[in-house]
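Below you'll find the structure, written out as structure tokens, and then a few comments.
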Amino acid sequence: MSDFYNRMADTALRLIARFGSEQTLHDVIPGVSDPVTGQNSGDTPIEQPVQVILQDYNLKESGMMYAEGQSIQRGDKKLIIAAAG
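Reminder that position 47 of the sequence shown reads as 253 in this note's numbering, one-by-one numbering, no gaps.
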């Protein structure tokens with residue numbers, strides 16, 4: 207990445223750290239099925255700490271494709287998650 211984009215990414219991470227909050231992202235890694243025995247190794251739950259900013263969703267930002275009553279509903283929230291840090 208260019209120096210400009212690196213600086214922009216650093217600024218975004220600093221702002222998310224300053225104004226956001228630490229939350230835990232929960233996910234599940236699906237198990238693998240053994241073709242010989244037919245048994246599943248079981249799912250593995252994982253947790254990862256992330257920095258996030260929670261915002262009210264602004265319908266003006268969404269455009270006509272996501273107009274209210276379609277994908278976006280009144281009261282929906284937008285979550286911005288730091289991609290690094």
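Glycine included, C-beta positions come from ideal geometry on N, C-alpha and C.
Fair warning: this is a prediction, and the values are worked out from it, not measured in the lab.
A residue is called buried when at least 16 other Cβ atoms come within 10 angstroms of its Cβ; Q257 meets this threshold and is buried. Under the three-state reduction of DSSP, D233 is assigned to strand.
For I252, the number of other beta carbons within 10 angstroms of its own is below 16, and it is reported as exposed. Between I287 and Y263, the C-beta gap is not smaller than 8 Å, which leaves the two residues out of contact.
Here S247 has G237, V238 as same chain residues with Cβ atoms under 6 Å from its own Cβ, once five neighbours each way along the sequence are excluded.
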